[in-house]
Structure formats: C-alpha cells, structure tokens
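Visitor:
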Amino acid sequence: SPGIAQSNMALAVNNLDSTYSYHNAATAACLDPPPGAATIPSSSGKPMKMMTANDVLRDPSIAYLVARLPTVASLSVQLNAVQDPSYDPAGQVSWCHEVLDLVERTLRLQPSGKQQSGIPARIADPEMQRLVDTAIPMLLKLAGRKKASQSFVPGYVAEAIYLCSTCEASGAFPQHIPHNPKHAFSQCDQAARAGYHPAWLDLARDFEKFGDMQHARDCFEYGAQHSVPGCLFVRQSTSLRRISGLTSETR
C-alpha cells in the first residue's frame with residue numbers, strides 16, 4: 146500500500162524510545178540490537194555508535210533518509226485546513242492517500258491480519274473513522290473532475306481515481322464506495338493511462354490472477370519504464386531468472 150517509500154532510502158520512525166545503530170552516514174538505520182547489547186561490531190571490527198531515534202532525526206547526515214509515518218493525531222491536525230475549498234487539490238489527495246495508508250497499516254496489525262476483499266473495514270478508533278469519512282467523499286469529488294472527453298488529466302485527479310478504485314476493489318468502505326471489483330479494475334486502468342503510474346503494478350497483479358500473463362508482463366513493463374518500484378523488482382527478478390537459466394544450460 147497505500148504512502149512514503151522513496152527511491153533512495155526511507156525509515157519510518159514511530160517510537161522515539163527505539164534504539165538504532167549506524168556505521169557511517171551512508172548506512173541506513175537498522176532495527177534494535179539484541180537485548181543487553183551495548184554495541185554491534187562492524188565489518189571493520191570497530192564498534193558502531195549506538196543512537197536513539199531522536200539522535201537519528203537530529204543528525205543532518207542521516208535525517209534526510211528518515212520519513213515519519215502519519216498518525217491519527219498528525220492527520221487530524223490538518224483536518225480543518227484540508228477541507229477548505231481554497232486548499233491545494235493535490236495536497237488534498239496526498240492527505241487522503243495518507244489516511245487510507247494509515248487505515249491499511251492499522252488493519253494489518255489486527256489479529257485477523259490483512260483486510261479481506263469484500264469485507265467492510267472494522268475501525269475501532271472514532272477519530273480514524275472521522276478521517277475516513279472525510280477522505281473518501283473528498284476523493285470521489287476530486288476523481289469526478291475528469292470528464293469523459295478530457296484529453297489532459299491533472300496528476301492529482303489520476304491519483305484520486307486510483308485511490309477510489311482501491312476502495313472499490315477492497316469493499317472496505319461500502320458506506321462510501323460499494324464493492325465492485327470489475328468496475329474497480331476499469332478505474333485503475335483509467336488512472337494508469339491518465340498518468341498515475343503506480344496503478345500499472347495493480348493492473349499487472351490483477352492480470353496475473355486472471356491468468357493473462359502477456360498483459361501482466363506488459364503492465365509490469367509500463368510500470369518499470371516509469372520507475373514503479375514493484376515493477377522494477379519484477380523486471381530485475383525476471384532478468385536474473387533468465388541469466389540463471391542460461392548459466393545452467395551452459396553448464
């Protein structure tokens with residue numbers, strides 16, 4: 146999902162009491178060391194400096210690698226401003242995207258795990274529900290700005306169409322968008338062709354489920370051409386498998 150991954154490196158820091166370590170400015174922050182460990186030896190034999198999450202955030206040589214994940218509190222702070230009619234529509238879509246990503250992350254932490262298609266999302270937090278009840282109608286309104294005969298579609302409109310399609314495909318919010326996988330696929334295709342390139346990955350995965358591998362490969366390739374991470378991964382994995390196969394045949 147749905148928020149945050151960068152082409153270089155990004156680390157989401159939620160718990161400021163967590164401990165991170167690093168070897169130099171080019172090294173990404175890693176997970177907590179084993180209990181009781183004061184230092185972790187590096188490949189050079191020298192101990193790595195131990196840092197708290199606050200230290201990481203304050204260090205200018207590392208801070209640019211760090212991105213905080215949005216929370217209910219941080220998104221609620223923006224709630225009034227983002228509903229202002231004069232607010233930048235691209236910013237509104239970004240805010241809505243973060244709301245949906247937050248809901249997805251929260252649902253994955255529940256005992257039931259990943260949200261099942263066609264089953265309404267169970268949101269226990271009333272503040273989070275309030276964010277959802279603001280975000281989805283806003284997305285529907287912004288997505289509706291695309292007209293049938295319109296040749297140019299603003300990027301934020303294409304993204305809004307895509308986000309609506311994900312809600313329609315999952316059926317998580319039937320009070321706002323009814324569950325309709327077939328129409329969701331059509332909307333996702335529309336978003337991809339309108340310029341929201343991450344939608345190519347969703348289309349490719351759907352074609353794989355349908356058993357249409359040729360169209361799946363085409364979508365993966367379109368996404369890779371626009372640097373969509375998941376599509377690039379598939380392209381590289383396919384290349385490695387081909388190289389491995391050639392190597393095996395040569396042997």
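Numbering-wise, the sequence shown is residues 146 to 396 according to my numbering. Glycine residues also receive a C-beta, built at the ideal position from the N, C-alpha and C atoms.
Hey, would you say H321 sits closer than 9 Å to P282, going by beta carbons?
Guide: Counting from 1 along the sequence shown, the entry for residue 321 is found at position 176. Counting from 1 along the sequence shown, the entry for residue 282 is found at position 137. For H321 and P282, yes; Cβs fall inside 9 Å.
Visitor: Can you give me the Cβ contacts of V217 inside the same chain, cut-off strictly under 8 Å, excluding the 5 residues immediately before and after it?
Guide: Residue numbering aside, residue 217 sits at position 72 when the sequence shown is read from its first letter. The answer, listed in chain order, is L247, D270, E272, M273, L276.
Visitor: Tell me which residues share the same chain as H342 and place their Cβ nearer than 7 Å to its Cβ, disregarding the 5 neighbours each side in the sequence.
Guide: As a working mapping, residue 342 is identified with position 197 in the sequence shown. Closer than 7 Å at Cβ, skipping near neighbours: G368, H371, V373.
Visitor: Can you tell me whether A301 is buried or exposed? The criterion is at least 16 other CB atoms within 10 Å of its CB, across all chains shown.
Guide: Locating residue 301 in the sequence shown gives position 156, where the first residue counts as 1. Contrary to the premise, residue 301 reads as Tyr rather than Ala in this sequence. Answer is buried; the Cβ neighbour count reaches 16.
Visitor: Mind pulling the alpha helix (DSSP H) runs of 4 or more residues that sit fully within the stretch 213-247?
Guide: Correct list: 217-222, 224-227.
Visitor: Inspect the CB distances between the stretch 229-241 and the stretch 302-314 and report whether three or more fall short of 8 Å.
Guide: The stretch 229-241 vs the stretch 302-314: in contact.
Visitor: Could you compute how far the alpha carbon of M226 sits from the alpha carbon of A280?
Guide: Here the question's residue 226 lines up with position 81 in the sequence shown. Here the question's residue 280 lines up with position 135 in the sequence shown. A quick correction: the sequence has Ala, not Met, at residue 226. Rounded to whole angstroms, A226 to A280 spans 13 Å at the Cα level.
Visitor: Would you call T197 buried or exposed, if buried means 16 or more other Cβ atoms sit within 10 Å of its Cβ?
Guide: As a first step, residue 197 is located in the sequence shown; it is residue number 52 there, counting from the start. Exposed, since its Cβ has fewer than 16 Cβ neighbours within 10 Å.
Visitor: Which of helix, strand or coil does DSSP assign to V211?
Guide: Counting from one through the sequence shown, the residue named residue 211 turns up at place 66. Strand.
Visitor: Write down the C-beta distance between P230 and P319 rounded to the nearest angstrom, noting that I regard them as a contact closer than 8 Å.
Guide: Translated into positions along the sequence shown, residue 230 becomes position 85. Translated into positions along the sequence shown, residue 319 becomes position 174. Wrong, their Cβ atoms sit about 28 Å apart, outside the cutoff.
Visitor: So, A314 versus F330, is the Cβ gap smaller than 9 Å?
Guide: Against the sequence shown, residue 314 aligns to sequence position 169. Against the sequence shown, residue 330 aligns to sequence position 185. Taking 9 Å as the Cβ cut-off, A314 and F330 qualify as a contacting pair.
Visitor: Please work out which residues of its chain come closer than 7 Å, Cβ to Cβ, to F352, disregarding the five sequence neighbours upstream and downstream, and give them in chain order.
Guide: In the sequence shown, the residue the question calls residue 352 occupies position 207. Cβ within range, chain order: H360, A361, C364.
Visitor: Count the other CB atoms within 10 Å of the CB of L220; is the residue buried (16 or more) or exposed (fewer)?
Guide: In the sequence shown, the residue the question calls residue 220 occupies position 75. The residue in question, L220, is buried, as its Cβ has 16 or more Cβ neighbours within 10 Å.
Visitor: Unbroken alpha helix (DSSP H) runs of length 4 or more, entirely within the stretch 271-318: which are they?
Guide: Taking only runs of at least 4 residues, the alpha helix (DSSP H) segments lying wholly in the stretch 271-318 are 271-288, 300-315.
Visitor: Measuring CB to CB, does A337 end up less than 9 Å from V379?
Guide: Taking the sequence shown and counting its residues from 1, one reaches residue 337 at position 192. Taking the sequence shown and counting its residues from 1, one reaches residue 379 at position 234. Not a contact, by the Cβ cut-off of 9 Å.
Visitor: Could you pull out every residue in the same chain whose Cβ sits closer than 8 Å to the Cβ of S262, ignoring the five residues on either side in sequence?
Guide: Counting from 1 along the sequence shown, the entry for residue 262 is found at position 117. Result list for S262: A314, S315, G316, H324, P326, in chain order.
Visitor: Distance check for R267 and R253, CA to CA, integer angstroms please.
Guide: Position 108 of the sequence shown, counted from the first residue, corresponds to residue 253. Position 122 of the sequence shown, counted from the first residue, corresponds to residue 267. Cα-Cα distance, rounded: 11 Å.
Visitor: Residue range of the alpha helix (DSSP H) that Q335 falls in?
Guide: Taking the first residue of the sequence shown as 1, we reach residue 335 at position 190. 326-338 is the span of the alpha helix (DSSP H), which, as asked, contains Q335.
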